[in-house]
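Asks: Structure incoming, see below.
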Amino acid sequence: MTESTHIAMALDYPLTLRGGVSVIVESLLKYLSPGYDVLLISPDDPTELQKHPCSQRIRGHIRFDPATLTHAVASNLSETIRRRGVALVHFHAGGNLEWGTRSGWKSPLPFLARAGIPCVFSAHQVTTLLEGYCAKTRPLWHKLAMLPAVWLAATYALRHASNILTDSKHDADQLKRNYPLLARKIGFVYHSRLDVAEPTPSPKIKREPTILSVGHIAFRKGQHILAEAFSKIAPQYPEWKLVIAGPALEPACAEKIEQISAVSGLRGRIQMIGSHPAPQELMRRAAIFVQPSLMEAFGLALQEAMFFGCACVGSNVGGIPELITHNRTGMLFPAGRTDSLSGILVELISQPERRRQLAEQAHANIVACGMTGQAMAANYDNIYRDILKHRE
8 MTESTHIAMA LDYPLTLRGG VSVIVESLLK YLSPGYDVLL ISPDDPTELQ KHPCSQRIRG
68 HIRFDPATLT HAVASNLSET IRRRGVALVH FHAGGNLEWG TRSGWKSPLP FLARAGIPCV
128 FSAHQVTTLL EGYCAKTRPL WHKLAMLPAV WLAATYALRH ASNILTDSKH DADQLKRNYP
188 LLARKIGFVY HSRLDVAEPT PSPKIKREPT ILSVGHIAFR KGQHILAEAF SKIAPQYPEW
248 KLVIAGPALE PACAEKIEQI SAVSGLRGRI QMIGSHPAPQ ELMRRAAIFV QPSLMEAFGL
308 ALQEAMFFGC ACVGSNVGGI PELITHNRTG MLFPAGRTDS LSGILVELIS QPERRRQLAE
368 QAHANIVACG MTGQAMAANY DNIYRDILKH RE
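Per the numbering used here, the very first residue in the sequence shown carries number 8; after that it's consecutive.
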């Protein structure tokens, strides 16, 4: 690799959105070696992008919305990338069927491969084979009828990637089951925006009687399940409150939580505070953190809460069990089961020493597993170097 290598980061969501995929790329930009010149490809407004804290790491920007992809558009985008002198493109996708892969011929990956530009494809959410390529409401016969064409198209597009990466071993295994012909290309990188230099939280700090959850409010994130579980135990513990931080991605979910709050008489104790500029500060103060997701690739907020000293609870879906070892680094419950979650909350609320032990073990495990922004960037740096070495 040359002293300064020109690579591209391609997002299907704006970097300024500050959602799951956006913060992963933000962390990668922050910790990646300064030997890379980064061209950003994203739907971002250029004016807003200039205000982003990572704007100084971005050497150029192509404003592009993957929703506009056609065969001709994919060809033109690939030619633009080639003319910019890009040595490697890293696609970040909300799912494995994004960036035109569900159609195959709309994807820029084959065009870039023909131009001799290697690609890394990161799928930040992997679903089962029958999900993600048509509306959920479609009948099973319709999904089965469409599946062969979609599977062939995605296999064709993704075979042109040098590496196909997910956020967790769980998702990597699922993707291998979905696309067995591509199994040798599929792996995972644990993502993080944690700084290894962050001080270890002191177990002596008295934490607030708060149950915290951080993330976009949506039914798949399960905050309505957490609100229901809390409403069942709240009368026993009047000093405790539930704080949900994050924008309402699905207003209907926020309305459901409001309804639970009103019916149970907990309006002041179930608080939806919207986006918070520094959620880690909430994590430093809260006693308990809950990730109640019905679907989750990994769980960045959960990872951070474990690092910042919360006693953590998570549903047993996706990559969450890779973060939480039940009864050692946190507590797991069956996704969607409010009764199980209520029981765990009672156990943790009533046992401060148990909370302290789980929090200490969780923090130590996050550090031991190298789940930091620096480690993530180092893993990607090794992947980039290996690809570029074989290209020379």
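Glycine included, every Cβ here is placed at the ideal spot set by N, Cα and C.
Could you pull out every unbroken alpha helix (DSSP H) segment of at least 4 residues lying fully inside the segment 201-254, listed in chain order?
Replies: Counting only runs of 4 or more, we get 230-240.
Asks: Between the alpha carbons of A385 and L39, how many angstroms are there, rounded?
Replies: Spanning the two alpha carbons is a distance of roughly 7 angstroms.
Asks: From which residue to which residue does the alpha helix (DSSP H) around I390 run?
Replies: Element bounds for I390: 380-398.
Asks: Quick one: is E105 buried, meaning 16 or more other Cβ sit within 10 Å of its Cβ, or exposed?
Replies: Buried, since its Cβ has 16 or more Cβ neighbours within 10 Å.
Asks: Hey, would you say G101 sits closer than 9 angstroms to Y186, going by beta carbons?
Replies: No, Cβ-Cβ distance for G101 and Y186 is not below 9 angstroms.
Asks: Should R109 be labelled buried (16 or more other beta-carbon atoms within 10 Å of its own) or exposed?
Replies: That one is buried.
Asks: Taking all protein chains shown into account, decide if P41 is buried (16 or more other Cβ within 10 angstroms of its Cβ) or exposed.
Replies: Exposed, by the Cβ-count rule.
Asks: For P260, does the three-state DSSP call read helix, strand or coil?
Replies: The sequence given here has Cys at residue 260, not Pro. Three-state DSSP puts C260 in a helix.
Asks: Considering just the uninterrupted stretch of the alpha helix (DSSP H) at V297, what are its terminal residues?
Replies: No alpha helix (DSSP H) holds V297; the beta strand (DSSP E) holding it covers 293-298.
Asks: Return the chain-ordered ranges of every alpha helix (DSSP H) run that is complete within the segment 299-332 and spans a minimum of 4 residues.
Replies: As far as the segment 299-332 is concerned, its whole alpha helix (DSSP H) runs of at least 4 residues are 307-314, 327-330.
Asks: Using the DSSP secondary-structure output, state which residues sit across from I193 in a beta bridge.
Replies: I171, per the DSSP bridge assignment.
Asks: Please report the straight-line C-alpha distance between Q287 and C141, rounded to a whole angstrom.
Replies: Rounded to whole angstroms, Q287 to C141 spans 37 angstroms at the Cα level.
Asks: Would the beta-carbon of P125 fall within 9 angstroms of that of S169?
Replies: Their beta carbons are under 9 angstroms apart, which means P125 touches S169 by this criterion.
Asks: Whose C-beta lies closer than 7 angstroms to the C-beta of P328 among residues of the same chain, with five residues either side of it excluded?
Replies: Closer than 7 angstroms at Cβ, skipping near neighbours: L339.
Asks: Judging by CA-CA distance, which residue of E311, R276, S199 is the nearest neighbour of T379?
Replies: Nearest C-alpha to T379: S199.
Asks: Does the beta-carbon of T345 have 16 or more other beta-carbons within 10 angstroms, so that it is buried, or is it exposed?
Replies: By the 10 Å Cβ count, T345 comes out buried.
Asks: Suppose the cutoff is 8 angstroms on Cβ atoms and the five residues either side in sequence are ignored; what does the same chain contact list for A382 look like?
Replies: Within the same chain, A382 has close Cβ partners Y197, S199, V203.
Asks: How far does the beta strand (DSSP E) with V127 in it extend, from its first residue to its last?
Replies: Run containing V127: 126-130, per the beta strand (DSSP E) assignment.
Asks: Quick check on Q368: does DSSP put it in helix, strand or coil?
Replies: Looking at Q368 - three-state DSSP - the assignment turns out to be helix.
Asks: Please say whether R276 and L249 have beta carbons closer to each other than 9 angstroms?
Replies: In this structure, R276 lies closer than 9 angstroms to L249 by Cβ.
Asks: Output the distance between the C-alpha atoms of R363 and V297, rounded to the nearest integer angstrom.
Replies: Approximately 15 angstroms, taken between the alpha carbons.
Asks: Using the rule of at least 16 other Cβ atoms within 10 Å of the residue's Cβ for burial, across every protein chain shown, is I212 buried or exposed?
Replies: Exposed, because fewer than 16 other Cβ atoms sit within 10 Å of the Cβ of I212.
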